[in-house]
Each structure stands twice: as C-alpha cells, then as structure tokens.
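One structure below.
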Amino acid sequence: MEVTLENLTKKFGNVVGVENLSLDIRESEFVAFLGPSGCGKTTTLLMIAGIYKPTAGAIRFDDRVVNQVPPQDRNVGMVFQSYALYPHMTVFDNLAYPLKLKKVPKREQVERVQRTADAMGIGQLLDRRPGQLSGGQQQRVALGRALVKEPDILLFDEPLSNLDARLRLSTRGEIKQLQKRLGITAIYVTHDQVEAMTMADRIAVINLGHLQAYDTPEDLYDRPKTLFIAGFVGNPPMNFLNVEVRREEGAFKARNHAFALTIPPERGEKAASQSGEVVLGIRPEDISVAPEGELEGEVAVVEPLGRDDLIDVRVGESVLFVLADPHLRIRAGDKVRLHVDTGRVQFFDQKTEQSLLWS
Amino acid sequence: MLPAGILVLLFFLIPVVIVIYLSMTNLASANFTSNLSKMEFIGLENYRILLNDQFAKRIFFNSIFYVLFTLSMFNVGLALVVSLLTTHIPRGAGFFFRAIWILPRVTASTLYILIWKRMIAEAPFGIINQFNGLLGLPTYNYAADRPWEFVILVNGFIGVSFGMIIFTSAIESIPKDLLNASLVDGSSLLQRIRYVILPLLRWPLLFVVTYQTLSLLTSFEQILLLTNGGPGLYRTEVWSLAAYHRALSNYFGNAQWGYGSAFAVVLVLIGVVLAVIYMRVFRFSELVAEPKVEVL
Ligand SMILES: Nc1ncnc2c1ncn2[C@@H]1O[C@H](COP(=O)(O)OP(=O)(O)OP(=O)(O)O)[C@@H](O)[C@H]1O
Ligand SMILES: [Mg+2]
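Protein sequence lines, in the order shown, are assigned to chains A and B. Just add 15 to wherever you are in the first sequence, counting from 1, and you've got our numbering. Just add 1035 to wherever you are in the second sequence, counting from 1, and you've got our numbering.
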C-alpha cells in the first residue's frame, strides 16, 4: 500500500500538532519519522490510523482519500510506545482481538494467533495476562497484535524506547527483517537517530511541526541539504566554521584567520561561487590528530567514549569536536595538530542555510 | 490497619452490639424506665414476633423489589449510561450533563420531595397532570395509583450521581493508548465499550453495586417524605422504614425500641451476607493476583 500525505495539518484549538506535512511513502517502504519530542510524530501516526481527523489536507492510501474512513476500515496495525495491551485479556485474547472483530472463524483465529505468537517467540505465554509479562515480552505481544491481522500498513510509535540497550539492538534487527520479509509498508516514529538510520529506507526529519528533510539515511548523513540537517544528524554533531573560499593559483582554499585548507575542486568550485563568508561543516570522525596536520590547536576537554576519545580542540576562536584514538593518550592542555579530510567537507550559505553542494 | 480497626470498632461493631442487645429487650415507650436494670431481657422473643408479623413478609419483598429496581435501573444502569455518554462527547458538554445529574443529590431532601409532590399532585395542581390536560390525556392521582414508580424514580434520580462519578473517573483513567489501540484493532465505539471499557470497570462496578445495595437497603427518608410507606397499609413500606416506624414513630404512639432494633439487626445481617456474596461473585481475589513476571 502506498501512503501519501498532502499538506496535512492538525490543530488542537490553538495548539499546532502538525502543519502542512507533505510526503509520499512507497509500497513496501520503511520510513522513519525522526524529530524531537512534541514535533507532531504521534499526531501524524494517529491521523494515518484514523484516530484523529485532519484539520486540513489529505491522507491517501494508494489513490483513495481516507480522511473520513473510520479506523476499523483502514486495516492498519499499530505498535504503541506504551504497548497498550488489554490488561484484562490473556496474551491469546490480545492477539485474537483484531481477528474476532474481523469475524474470522474461531478455528482460524486459533491457528493464526499460534502462528504469530510462535514467530514472535511468545508461543508459550498465551495464557498469561500482560501484567505477568516482562517489558520485552509485552513488546512482542504488541508487535504480534499489530501483525496478526495482516495489515496493509504498519505504524510504530517509538516501540523500543522502553527496552534496555541490548534488547533494543536485537529487536531493531528483527523488526527490520520482518518488515522486509512481509513487504508491509511501515512508518516508524522515533527520536533516536541511530534507530532511524539503521532501520529506515528513508527518513523524514520533522521539527516544530514542519518537514525539514526527507531522504535516505546516506543522503542525510553525507549530502545534507540544509545546515539544520547537517547539525541534527550524526552524533557527536558536525563542526561548523565560518570561512571564505577562494580560488588561489589553481587550487581552492578555505580560509579564516586561524587556518587555510585546500579543498578538492568539485566541492571548492561550488563553495567559491559564493562571495563572502560561507559555513564549512566537517564531521568529528573526518578530522584526525596527525603530526603533519594543517590545523593547530589546544585541547580543552577530553571525553572518553570507549572506542574513541571525543576531544574539544580550540582552533583560533572556534572549538572543534574531534574523535581521537585513545592510545594517543591526549590530555587537556595538550597542543595538537589536526588533519581534515577535505574530501568530506560541506558548505552552506550563511543566510539561507542551504547547502552549496547539494540542492 | 490499626486506625481503620478502631474506626470499624467505634462506628460499626459497638453500635451493632448495642442494637443486637436492644433487640433482645422489651424496651418501649409503654414500659420505659430510666433504671436500666429494670429493662427486661426477653431473648429472641422479638424475633419470634417478627417472624409471625403479618406484614413482615410484604415489607421484606417490598424492600427487595425497591432495591433491585432502583439499583439496576438507576444507581448502576443509568449511572453507567450517563458516564459512557458524557465521556464520548466534548469534555465541557460532558461535564455540564454530569453536573445536572448531581443536582438531585445536593438538593435538600425536603425541598426535593416537595418538588416531586408538586409534580405528581392531583389535577388541577400537579404539573404532570397539567401537561396531561394540555395534551388531552386523562389525569391521574399518581400518589395513589403509581406509588412504586415514583418511589423508584425519586430515589433513582438521587442515586445516579454516585455511580456516575465513580464510573466517569474510572473511564477517564483508562489510558488513551489503550482506547486508541482498540479502534486501530478494528472495533467500533460500541465494541470498544463492550470488550474494553466495561471489563475494565469491573472493580468500580463491584464497588458501586455493593455500596449502593447497602445504602438503598438502609435509606428511607425520601420514601418517608413522599409516601410514608403508603398509600394504604404498607404499600411502599421498606424494611428500614419499618424499623424506623416500629422503633421511633409508631402509629399508635408506642415506640417499640426493642422490636424496632430486631428489624434493624435483620437488616445488618442481610447487608453483611450480601457484601460477602458480592466479593465472591466478582472474584475479588483475582483482582489482586500475584504477578508472574520473569525476564525475556
Ligand atoms: N490531544 C491533544 N490535545 C492538545 N494538544 C495535543 C494533543 N495531542 C498532541 N498535542 C500537541 O501537539 C504537539 C505534537 O504532539 P505529538 O504527541 O504528536 O508529539 P510527538 O512528536 O509524538 O512527541 P513525543 O516524541 O514526545 O512523543 C504537541 O505540542 C502536543 O502538546
Ligand atoms: Mg509521541
């Protein structure tokens, strides 16, 4: 099933839940809605599920506008953040509930519930109540209940946020595999970037009720179209520096009063087309500590992250985040030289905040 | 535990013991004495009289009829309907309609009954009869012809508010996600009420049924004011009203405190037995079952 949102708006009195959201989700695609708390992710899902009626705009399933279709006629499965299992029903009855409402014959109900429960690894828990399950087990029941009716669209509202880190990692993979195998169009709401990046075919970044970007994870990370996206995606975040880019003796140079970097021509040329200062962006992992580096600075803070040390280096008036090998044993106060992988720098217009490289 | 125990002792057990003792005496205004040692202990004599009282049976069945109908139609039934309706409309409107249903409860009984008496009075004074007249319908003497209907209506209108408040707060405390999930799972609003909301109201239902049965069993002031147990002999007399009449307001000016206490003791017994039965029927122990959680 294809889902299209057209200028979708939802207001609660004066409060804006979602404003003018337009995007299309292809058949069998896995799309993540990524955004901070309160940006309207849940509101959008509930409109797709039919719980909320849009204030304006349209929702299409394939070619059919479904704005006025009640939830029970939409064949949507949804996993809630709180799982929302029926506390008075056993696991079996929770799973059978959507089938019972669809008037599936009793024998088929039993078969389908058992099959789904086995696939979810909860086949032996069918006579338990939700209150007698662990969080992980409840999560599986919720997923099973969404899947058992063989929905056209699967909606996930931060389904993993109540699980511990390890379980989250493994469940992430399972959900992704399951979705690919069943080929069900899926929308996955999260405010965890890593979840969105690892699971989704495309990510819709939403902020303040507006769509900021809608791209594949690779494009968001390597080819950010706006300053906001460049700063939002990636952890630790991208470094930004004000520079002027000029062509000097056949090479492109990005300069400010503290340093000068040589930029490869395919990027430098586009950046140099702008007169005056532009914003240069570079990710912490694309900067390395190297004796022959082009930049010189003093280490202000060292944060050990385990695999890497995150060091804050003061270069001129700016501070750069850099990921360094812990074996270098860098300490606060050390003077270091930094090498920048200039093949990976980004450039943005200072005023419009649009990328000068990808637009 | 201890403070609760003291309260039960002071305000329930001790009065019950006193009433039980009184019910085994012949204390009455006819033989009243300020010397308590002269009060005669007569054992179960009052209960023997009660069993042979020619009106006791009628009063007993009156009470059952009254409690059953008022409870099922109003204190639980209408309360549930009002709660469900007012929680499915915009909040402000819901609040408004519930506020209206609280009015009978907070109106002074005498005023409330006066209003009803004015409503059902005979033509040409009664308001309902005036409407009957306007519509060309025959007029009635409701107090004489339809006493039970109005006894139940009058008490029922008061009784709705309690259950309504309990049920409404229970419905509003059901997590939003749960209600949304059931719609996404494919239920209509009615199916959601049937399969999700009502089962989750089991505990408040038990509470309201139990509490309201007992309070209806013991309530009599509206009946006292409206019909005083009439018309005729004991047409709408209920057990608690009979206890009052016997003990404190005998028609013949002889307050039979001992005999009235026997009526009251029977009421206490019925109440305790009913409370225990309700606990069983609603499987109270299951509501507090041990969890069986282990890690996945
Ligand atoms: N029923 C409602 N009535 C009034 N305002 C609401 C309602 N539901 C959501 N809102 C408002 O709409 C905005 C978006 O809410 P929404 O729940 O969609 O955010 P979210 O992106 O899901 O956030 P989170 O990540 O915290 O779950 C918020 O400002 C919220 O306060
Ligand atoms: Mg949300």
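Even glycine gets a Cβ: it sits at the ideal position worked out from N, Cα and C.
- Among the residues facing chain A, B:L1225 is not included, as its CB has no counterpart in that chain under 8 angstroms away.
- The beta carbon of B:V1244 does not come within 8 angstroms of any beta carbon belonging to chain A, so the residue lies off that interface.
- In terms of Cβ geometry, A:E292 and A:N257 form a close pair [threshold 8 angstroms].
- Between ligand 2 and A:D207, a heavy atom-to-CB distance of less than 7 angstroms is absent.
- The beta-carbon of B:D1088 is placed no less than 8 angstroms from the nearest beta-carbon of chain A.
- Under DSSP, A:Q361 forms a beta bridge with A:G296.
- By the neighbour-count definition (other C-beta atoms within 10 Å, threshold 16), B:A1039 is an exposed residue.
- For B:V1273, the number of other beta carbons within 10 angstroms of its own is at least 16, and it is reported as buried.
- With a threshold of 8 angstroms between beta carbons, B:A1216 makes contact with chain A.
- According to the DSSP assignment, A:I66 belongs to no beta strand (DSSP E), since it is labelled neither H nor E.
- For ligand 2, a non-hydrogen atom lies closer than 7 angstroms to the CB of A:T57.
- Looking at the DSSP output, B:I1206 bridges to nothing.
- Interface annotation for the segment 175-202 of chain A against chain B: L182, criterion Cβ-Cβ distance under 9 angstroms.
- By the criterion of a C-beta distance shorter than 7 angstroms, A:A215 is surrounded in its chain by F45, V46, A47, Y203 and P232, once the five residues flanking it on both sides are discounted.
- When C-beta distances to chain B are compared with 7 angstroms, the residues of the segment 111-142 of chain A below that value are Y112, P113, L116 and K117, in chain order.
- The beta carbon of B:R1093 is closer than 8 angstroms to those of Y1269 and E1272 in its chain, skipping five residues each way along the sequence.
- Judged by DSSP secondary structure, B:S1098 falls within the alpha helix (DSSP H) whose first and last residues are A1091 to F1104.
- Contact annotation: in the segment 78-101 of chain A, residues whose CB is within less than 7 angstroms of a CB in chain B are P86, Q87, V91, M93, F95, S97, A99 and Y101.
- Listed in chain order, the beta strand (DSSP E) elements of length 3 or more contained wholly in the segment 236-300 of chain A are 254-263, 266-270, 275-278 and 292-297.
- Here the segment 1170-1180 of chain B makes no contact with the segment 1104-1111 of chain B; the two share fewer than three CB pairs at distances below 8 angstroms.
- Proximity of the beta carbon of A:D172 to ligand 2 is indicated: a heavy atom of the ligand is located closer than 7 angstroms.
- Nearest CB-CB separation between A:I66 and chain B: below the 8 angstroms threshold.
- Distance between B:I1077 and B:A1297, taken at the CA atoms: about 12 angstroms.
- Comparing C-alpha distances from B:R1227 to each of A:M135, A:Q87, A:E165 and A:G249 shows the shortest one belongs to A:Q87.
- The count of Cβ pairs closer than 8 angstroms, one atom from the segment 293-313 of chain A and one from the segment 335-348 of chain A, reaches three, so the stretches are in contact.
- Between B:W1151 and B:L1261, the C-beta spacing is below 8 angstroms.
- Secondary structure of A:P319 (DSSP, three-state): strand.
- Under DSSP, A:E313 shares a beta bridge with A:R329 and A:K350.
- For A:G358, the shortest C-beta to heavy atom distance toward ligand 1 is 7 angstroms or greater.
- Looking at the DSSP output, A:Y203 shares a beta bridge with A:A47 and A:F171.
- Judged by DSSP secondary structure, A:Y229 falls within the beta strand (DSSP E) whose first and last residues are H225 to D230.
- A Cβ of chain B is located within less than 8 angstroms of the beta carbon of A:L61.
- Annotation for B:S1222: no beta strand (DSSP E) segment contains it, and DSSP assigns it neither H nor E.
- Here B:I1099 is exposed, its C-beta having fewer than 16 other C-beta atoms within 10 Å.
- In the displayed model, B:M1074 falls within coil according to three-state DSSP, outside both helix and strand.
- By the Cβ rule, the segment 177-187 of chain A does not count as touching the segment 19-34 of chain A, because fewer than three pairs are nearer than 8 angstroms.
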